[in-house]
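Participant:
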Amino acid sequence: RHYTHESLRCSSSTAGSSPRTLLSQLFLPTAKEVHEGTSKHTGQSHRLMIRAGLIRQSSSGIFSFLPFGLRSLRKVEKIIDEEMESIGAQKLSLPILLNANSWRQTGRWETVGSELFRLKDRKQSEFCLAPTHEEEITLLVAEEISSYRQLPLRLYQIGEYNHAYGQGRKYRDEMRPRSGLLRGREFMMKDLYTFDKTEEASMNTYEEVVDAYKRIFSRIGLPYVVAEADTGNIGGTTSHEFHFQSEAGEDVVFSCSNCGYMANEERAYGIKAGDLCTRCSADIPITSSRAIEVGHTFLLGTKYSSVLKAEFTPEDPVTPGERRPMQMGCYGLGLSRIVAAIVETSHDEHGIVWPFSVAPYRVCIVPGLKDVKVSDTVERLYDMLNDKKELKGEIVIDDRMGFSLGHRLKDAELVGYSWIIVLGKNFLEGGKIEVQDRKTRQKNYIEIDSVGDYVV
Ligand code: ATP
Ligand code: MG
Ligand code: MG
Ligand code: MG
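Count along the sequence shown from 1, add 18, and you get the number used in UniProt numbering.
1) Check whether the stretch 85 to 101 touches the stretch 354 to 369, taking contact to mean three or more Cβ pairs, one atom from each stretch, closer than 8 Å.
2) Within 10 Å of its beta-carbon, does Tyr-287 have 16 or more other beta-carbons around it, so buried, or fewer, so exposed?
3) Using DSSP with H/G/I as helix, E/B as strand and the rest coil, what is Asp-248?
4) Any idea what DSSP makes of Met-344, helix, strand or coil?
5) Quick one: is the Cβ of Met-419 within less than 7 Å of any heavy atom of ligand 1?
6) Counting pairs of Cβ atoms below 8 Å between the stretch 212 to 231 and the stretch 362 to 377, do you hit three or more?
7) Note down the Cα distance separating Glu-340 from Gly-254, rounded to an integer number of angstroms.
8) So does the stretch 192 to 199 actually touch the stretch 208 to 224, counting three or more Cβ pairs closer than 8 Å?
9) Grouping DSSP H, G and I as helix and E and B as strand, with all else coil, what is Val-52?
10) Mapping DSSP to helix, strand and coil, what is Lys-327?
11) Does at least one heavy atom of ligand 4 sit under 7 Å from the Cβ of His-314?
12) Threshold first: 3 residues or longer. Then list the beta strand (DSSP E) segments lying entirely within the stretch 202 to 263, N to C.
13) For ligand 4, is there any heavy atom lying closer than 7 Å to the beta carbon of Glu-311?
14) Taking the DSSP output, what are the residues bridged to Asn-282?
15) Name the residue from Lys-410, Lys-457, Glu-329 and Arg-308 whose alpha carbon lies nearest to the alpha carbon of Glu-431.
16) According to DSSP, is Thr-129 helix, strand or coil?
17) Taking 7 Å as the cut-off, does the CB of Glu-192 come closer than this to any heavy atom belonging to ligand 4?
18) May I ask you to report which of helix, strand or coil DSSP gives Gln-142?
19) Suppose you measure from the CA of Phe-83 to the CA of Glu-204; what does that come to, to the nearest Å?
20) Which residues in the same chain as residue 483 place their Cβ atom closer than 7 Å to its Cβ, once the five residues preceding and following it in sequence are excluded?
21) Leu-257: which of Ala-245, Glu-265, Gly-87 and Asn-119 sits nearest, CA to CA?
22) Is there at least one Cβ from chain C nearer than 8 Å to Gly-278's Cβ?
23) Is Glu-144 closer than 8 Å to Leu-112 when the C-beta atoms are compared?
24) Who are the near neighbours of Lys-443 in its chain, counting only those whose CB is closer than 6 Å to its CB and skipping five residues on each side?
25) Could you have a look at Lys-428 and say whether DSSP puts it in helix, strand or coil?
26) From what residue to what residue does the alpha helix (DSSP H) around Leu-317 run?
27) Is it the case that the Cβ atoms of Asp-293 and Ile-304 are separated by a distance below 8 Å?
28) To the nearest angstrom, how far is the alpha carbon of Val-371 from that of Thr-363?
29) Ligand 4 heavy atoms versus the CB of Glu-204: any closer than 7 Å?
30) Could you tell me the distance, in whole angstroms, from the CA atom of Ser-132 to the CA atom of Gly-71?
31) Compare the C-alpha of Arg-187 against each of Gly-350, Glu-259, Leu-427 and Arg-172 and name the closest.
32) Give the range of the beta strand (DSSP E) segment to which Arg-172 is assigned.
33) In whole angstroms, give me the CA-to-CA distance for Glu-161 and Arg-297.
34) Once the 5 residues before and after Val-409 are set aside, which same chain residues still bring their CB inside 7 Å of it?
35) CB Gly-313 to CB Phe-272, shorter than 8 Å?
36) By the DSSP assignment, the beta strand (DSSP E) with Leu-441 in it spans what residues?
Below, the structure is given as structure tokens:
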């Protein structure tokens, strides 16, 4: 039995064990280069994501996620879901096509301006494609919640790319949608909205959510910073932004290396780089760096609840029949932007270096040549690794034997599996298996029984 395309196809499903994942069967259109015109202005992530077969552009700022890209997106989503659940937030799905009425009530139909995608139905009623959902969720809660007994409440939504329709997607007709998923016109956001009885309770909620966000980014495993921010057209009193520091970012954050204070550009207005910190007045100048905004938290107060009448009867009414507006917060994480920002901040000249947490697949096993001993060992290794909790469903075999070993190894580095395992000449001669750490590119030669301990 030779290690051909055909023989592997047979071995993809073996009696008793789960089917093995073969690259020849997957939709992974990698490319050496991308065509001219693909953004060069803002970093590498756009080109890399296209080259690595993760996304394709449909039109300016609008993308399809291909299977590998979607797997990484899903992993980020899962981390977010778990952390949202840990603070008692419940998931729902709001419509994307929103009636203009509530947007007129809050004044945002005018203030959002040309970033809003506007459209009319056949009766000439006006709608927009949701750029965010404060109005919609506030109206919903206003209808359904009326007593202090029903509060607090934490509701969030997230995109569902592989559903027939895409809840949680957001639409903004961005002026410059030119850096791939970093700034899309259609993009994915996790948006959480919180409703509390008192201002104090909403401040506690705010702290809890900020902590959950910190856990989310720690679990993703890349460095991030939190900066004080202005509230812009969303409104409210307190706000923070989560950033990945990167030259490709369109934002600037200012920081004091003495007290750790950080603020975004609007917030730091009037203090600029080189000045001394107004917080700690240390004799060290403030520094600035470019950054990608990946998350944003807002304490809203009653801005939306007063206008849209999200009110409740309090436990301690001051006047008979009193109704009080709920204290709100809103919290966004740019899901699709996070995936691009990971690629932007974690790659080398060979391709993407995914953190283990969100790699599309974690291990790629590459049979170097057609040989029975090689193919048998590849299968054995696959099954051994697949038995590990962290690696279950996380392994592919690059069985595209029509491609040279060099070609397949280049692809593996481009796609960015955390571990690339090669069984070639070295294996046939010495019996040891080559295991490459994608991050350091260091190769080690290991006995088959030890590979499992090595790669997790
Ligand atoms: P930016 O300053 O980059 O335009 P924003 O401040 O307008 O972003 P928010 O309204 O705070 O964005 O939305 C919450 C999150 O949604 C942002 O922190 C970001 O991660 C993400 N996001 C916003 N706009 C886009 C976009 N055009 N493409 C991808 N993600 C986006
Ligand atoms: Mg914006
Ligand atoms: Mg911003
Ligand atoms: Mg923002």
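Idealized CB from N, CA, C, for every residue including glycine.
Facilitator: Quick look at the numbers:
1) Output reads yes: the stretch 354 to 369 touches the stretch 85 to 101.
2) If you draw a 10 Å sphere on the C-beta of Tyr-287, you find fewer than 16 other C-beta atoms in it, and that means exposed.
3) In the structure shown, Asp-248 sits in coil (DSSP, three-state: anything other than H, G, I, E or B).
4) It is coil, neither helix nor strand.
5) No, the Cβ of Met-419 stays beyond 7 Å of every heavy atom of ligand 1.
6) With fewer than three CB-CB distances shorter than 8 Å, the stretch 212 to 231 does not count as touching the stretch 362 to 377.
7) One Cα belongs to Glu-340, the other to Gly-254, and the distance between them is close to 24 Å.
8) Too few Cβ pairs lie closer than 8 Å, so no.
9) DSSP places Val-52 in coil when its eight states are reduced to three.
10) Collapsing the DSSP output to three states places Lys-327 in coil.
11) His-314: yes, Cβ under 7 Å from ligand 4.
12) Complete beta strand (DSSP E) runs here, min 3: 204 to 214, 243 to 246 and 256 to 263.
13) Yes, ligand 4 has a heavy atom inside 7 Å of this Cβ.
14) As computed with DSSP, Asn-282 is found in a beta bridge with Val-271.
15) Closest option to Glu-431, Cα to Cα, is Lys-457.
16) In this structure, Thr-129 counts as helix in the three-state DSSP scheme.
17) Remark: the shortest separation between the CB of Glu-192 and any heavy atom of ligand 4 does not fall under 7 Å.
18) Gln-142 sits in coil when the DSSP states are folded into three classes, being neither helix nor strand.
19) The alpha-carbon atoms of Phe-83 and Glu-204 are separated by roughly 12 Å.
20) For residue 483 there is no data in the structure shown, the boundaries of the chain being 19 and 474.
21) It is worth fixing the name first, because residue 257 is Ser in this sequence and not Leu. It is Ala-245.
22) The structure shown contains no chain C; it is built from a single protein chain.
23) Result no, Cβ atoms of Leu-112 and Glu-144 do not sit closer than 8 Å.
24) None.
25) Helix.
26) Here Leu-317 belongs to no alpha helix (DSSP H); instead the beta strand (DSSP E) covers 305 to 319.
27) The answer is yes: Cβ separation under 8 Å.
28) If you take the alpha carbons of Val-371 and Thr-363, they lie about 9 Å apart.
29) Glu-204: no, Cβ never under 7 Å from ligand 4.
30) C-alpha separation (whole angstroms): 33 Å.
31) Looking at the Cα atoms, Gly-350 is the closest of the given residues.
32) Note, Arg-172: beta strand (DSSP E), 171 to 175.
33) Annotation: Glu-161 to Arg-297 spans about 44 Å, alpha carbon to alpha carbon.
34) The amino acid at residue 409 is misidentified as Val; the sequence shows Leu. The answer, listed in chain order, is Arg-380, Val-381, Leu-403 and Val-474.
35) Between Gly-313 and Phe-272, the CB-CB gap reaches or exceeds 8 Å.
36) Annotation: the continuous beta strand (DSSP E) that includes Leu-441 extends over 437 to 441.
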